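Engineer: The sequence shown: position 76 = 336 (the working numbering), numbered continuously. We treat Cβ as the ideally placed atom computed from N, Cα and C, and that holds for glycine. Keep in mind it's a predicted model, so treat the numbers as computed, not measured. Handing you this structure, nothing more for now.
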Amino acid sequence: MKTTMPALAAEYRALAEADPAALRRDFDAIVAYMKGSTAIHHGEYVRTCFSPKLLPAADFDRLAADMQILYRIFKKVIDAYFADAGYRALFGFDTRTEDLILHARRSPSLVPMARIDFFYNEATGSYTFCEFNTDGASAMNEDRELHNAQRLSAAYRAFTARHRTRTCELFDSWVATVRRLWQKAGGAGAPCVAIVDYLECGTVNEFEIFRRRFEAAGLDAVVCDVRELRYDGHALCAPDGRRIDVVYRRAVTSDLLAHYAQSEALRLAARDGNVLLLGDFHTQIIHNKELFRVLQAPQTAAMLTAEENAYLAAHLPGTAPYTPARKAELLADKDAWILKPPDSYGSRGVHAGVEHTEEEWRAVVEALPETGYLMQAFHTPYVTEDYGLDAAGTFGLNRYYNLTGLYIYDGVVQGVYSRVSLTPIISSQYSEKTLATTIVEG
Numbered sequence: 261m262k263t264t265m266p267a268l269a270a271e272y273r274a275l276a277e278a279d280p281a282a283l284r285r286d287f288d289a290i291v292a293y294m295k296g297s298t299a300i301h302h303g304e305y306v307r308t309c310f311s312p313k314l315l316p317a318a319d320f321d322r323l324a325a326d327m328q329i330l331y332r333i334f335k336k337v338i339d340a341y342f343a344d345a346g347y348r349a350l351f352g353f354d355t356r357t358e359d360l361i362l363h364a365r366r367s368p369s370l371v372p373m374a375r376i377d378f379f380y381n382e383a384t385g386s387y388t389f390c391e392f393n394t395d396g397a398s399a400m401n402e403d404r405e406l407h408n409a410q411r412l413s414a415a416y417r418a419f420t421a422r423h424r425t426r427t428c429e430l431f432d433s434w435v436a437t438v439r440r441l442w443q444k445a446g447g448a449g450a451p452c453v454a455i456v457d458y459l460e461c462g463t464v465n466e467f468e469i470f471r472r473r474f475e476a477a478g479l480d481a482v483v484c485d486v487r488e489l490r491y492d493g494h495a496l497c498a499p500d501g502r503r504i505d506v507v508y509r510r511a512v513t514s515d516l517l518a519h520y521a522q523s524e525a526l527r528l529a530a531r532d533g534n535v536l537l538l539g540d541f542h543t544q545i546i547h548n549k550e551l552f553r554v555l556q557a558p559q560t561a562a563m564l565t566a567e568e569n570a571y572l573a574a575h576l577p578g579t580a581p582y583t584p585a586r587k588a589e590l591l592a593d594k595d596a597w598i599l600k601p602p603d604s605y606g607s608r609g610v611h612a613g614v615e616h617t618e619e620e621w622r623a624v625v626e627a628l629p630e631t632g633y634l635m636q637a638f639h640t641p642y643v644t645e646d647y648g649l650d651a652a653g654t655f656g657l658n659r660y661y662n663l664t665g666l667y668i669y670d671g672v673v674q675g676v677y678s679r680v681s682l683t684p685i686i687s688s689q690y691s692e693k694t695l696a697t698t699i700v701e702g
């Protein structure tokens with residue numbers, strides 16, 4: 261008999277409810293662990309629920325196979341962007357962004373790192389894409405620390421004693437990927453790796469764990485603010501003078517454009533080929549939400565196979581540029597729509613009709629600029645039940661909306677990122693919680 265996610269969740273819940281006192285005690289232990297863990301972002305610890313997300317290995321393998329279809333599509337889109345000015349114009353990137361992309365070195369890797377987020381129906385296995393994160397893909401440390409916390413739970417220990425399970429390793433696998441891409445690019449020996457971002461925006465605790473894992477593998481590594489890098493026309497250097505061979509870019513392109521002049525060292529070193537930039541700026545083609553619209557354009561359909569077009573039809577939400585001519589359409593059915601700026605992150609500037617009253621939604625729509633927003637069909641996330649704290653901080657059984665992400669390192673699926681929320685918008689701005697994800701093999 262095929263194991264399903266709902267069946268595994270029901271089994272886990274039965275184990276937990278067999279001892280209500282232990283359930284509450286163990287949840288408190290999980291929370292206490294997370295408060296003292298390294299999974300801290302801007303002073304806040306990562307909230308979670310009692311149960312982990314339990315994903316059958318067969319489901320994981322099917323999703324991993326699907327990502328191969330998606331990556332074939334990505335390759336065709338990126339190739340067309342470089343080869344065809346008319347296709348390139350579909351994205352509408354400004355001249356600075358386009359210049360960064362066209363000077364990118366894309367041969368070492370199509371997309372070195374990505375987290376592909378989607379709304380997964382755990383009962384049927386169907387899913388709808390939410391966003392494609394390339395540069396800035398994060399939260400690997402949350403998964404690691406959440407698994408450490410889950411081991412404090414008697415229900416977790418009982419479940420893993422019954423089943424063959426595994427967790428997803430997201431640090432050493434990335435180190436191995438970086439080493440391999442360095443060698444593919446012609447590098448010799450052990451490179452010096454810089455993990456770079458605008459540090460007031462970044463998850464610095466996570467960067468430090470990556471740095472330590474690089475060093476444990478025999479690679480020199482440093483965490484740097486992009487603005488502190490130095491370039492003399494030959495070598496890109498860290499603030500302490502170390503020459504950098506590989507840049508692991510966590511800075512999203514929109515932040516780099518906002519600090520364009522201050523980021524000259526990184527831009528020029530990458531353009532001159534004097535550092536291996538992972539990812540180089542061609543990854544913006546995938547990261548930017550305009551891709552959802554372009555993937556549904558006739559020009560894209562014409563270059564894809566029947567299988568690839570069917571795949572997109574099954575998994576893409578309808579997406580179009582907002583124009584004032586579509587205002588009445590938005591106002592007529594607010595719950596059908598979500599509005600997104602093309603190049604934000606962390607749900608900045610995102611508005612979903614389900615989160616607003618009719619009056620609030622009208623005010624949102626009336627305030628929209630004439631250009632610069634995408635309107636997208638809203639997908640109601642799959643709902644599960646788990647024990648945790650409600651909006652008032654009371655412990656109990658709650659209903660949660662779900663969002664799933666796959667970490668993909670150079671085209672290989674390495675892990676799963678599971679988030680839930682008390683509301684249909686799953687973001688740290690609302691009531692987002694992160695769950696450990698355990699792969700169940702038998």
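Need the endpoints of the beta strand (DSSP E) that Glu391 sits in, please.
Structural biologist: Segment 387-393, the beta strand (DSSP E) holding Glu391.
Engineer: Three Cβ pairs or more, each shorter than 8 Å: is that satisfied between the stretch 387-400 and the stretch 372-379?
Structural biologist: The stretch 387-400 is in contact with the stretch 372-379.
Engineer: Can you give me the start and stop residues for the alpha helix (DSSP H) that Glu402 sits inside?
Structural biologist: First-last of the alpha helix (DSSP H) with Glu402: 400-410.
Engineer: Rounded to whole angstroms, what's the CA-CA distance from Arg510 to Leu459? Just pull it up for me.
Structural biologist: Looking at the two C-alpha atoms, the distance is approximately 10 Å.
Engineer: Just checking my contact of Leu695 with Lys313 at CB under 8 Å: how many whole Å lie between their CB atoms?
Structural biologist: Confirmed, Cβ separation roughly 5 Å.
Engineer: How is Lys549 classed by DSSP in three states: helix, strand or coil?
Structural biologist: Coil at Lys549, not helix or strand.
Engineer: Should Val435 be labelled buried (16 or more other beta-carbon atoms within 10 Å of its own) or exposed?
Structural biologist: Result: buried.
Engineer: Thinking C-alpha only, which one of Phe287, Val438, Asp339 is nearest Val672?
Structural biologist: Answer by Cα proximity: Val438.
Engineer: What number of angstroms, rounded off, separates the C-alpha of Leu268 from the C-alpha of Asp603?
Structural biologist: If you take the alpha carbons of Leu268 and Asp603, they lie about 37 Å apart.
Engineer: Using the beta-carbon count (16 or more within 10 Å), is Ser367 buried or exposed?
Structural biologist: So Ser367 counts as exposed.
Engineer: Tell me Met635's beta-bridge partners as DSSP assigns them.
Structural biologist: BP columns for Met635 point to Ala580, Leu599.
Engineer: For Glu468 and Val482, which I take to be in contact (beta-carbon distance under 8 Å), what is that distance rounded to the nearest angstrom?
Structural biologist: With a Cβ gap of about 11 Å, Glu468 and Val482 do not count as contacting.
Engineer: Roughly how far, in whole angstroms, is the beta-carbon of Leu412 from the beta-carbon of Thr308, given that I think they are within contact range, below 8 Å?
Structural biologist: The pair is not a contact, with the Cβ atoms about 12 Å apart (cut-off 8 Å).
Engineer: Residues in the same chain with beta-carbon distance under 6 Å from Trp621, minus the five sequence neighbours each way, listed in chain order, please.
Structural biologist: Contacts found: Lys594, Gly613.
Engineer: Under 8 Å, with one C-beta from each stretch per pair, do the stretch 554-561 and the stretch 582-601 reach the 3-pair mark?
Structural biologist: Touching, no, given that fewer than three Cβ pairs across the two stretches are closer than 8 Å.
Engineer: With a threshold of 8 Å on Cβ separation, who are the neighbours of Arg502 within its own chain once the five nearest residues in sequence on each side are excluded?
Structural biologist: Same-chain partners within the cutoff: Cys452, Asp480, Val482.
Engineer: I'd like the list of long-range same chain contacts for Ala418, defined as Cβ closer than 8 Å, with 5 residues on each side in sequence excluded.
Structural biologist: Result list for Ala418: Leu275, in chain order.
Engineer: Expressed to the nearest angstrom, what Euclidean distance is found between the alpha-carbon atoms of Leu564 and Ile290?
Structural biologist: Going from the Cα of Leu564 to the Cα of Ile290 covers about 47 Å.
Engineer: Could you tell me the boundaries of the alpha helix (DSSP H) in which Gln766 lies?
Structural biologist: For residue 766 there is no data in the structure shown, the boundaries of the chain being 261 and 702.
Engineer: Assuming Lys444 is part of the beta strand (DSSP E), what are its boundary residues?
Structural biologist: Segment 432-444 is the alpha helix (DSSP H) holding Lys444; no beta strand (DSSP E) there.
Engineer: Which residue marks the beginning of the beta strand (DSSP E) containing Phe378, and which one marks its end?
Structural biologist: Segment 373-380, the beta strand (DSSP E) holding Phe378.
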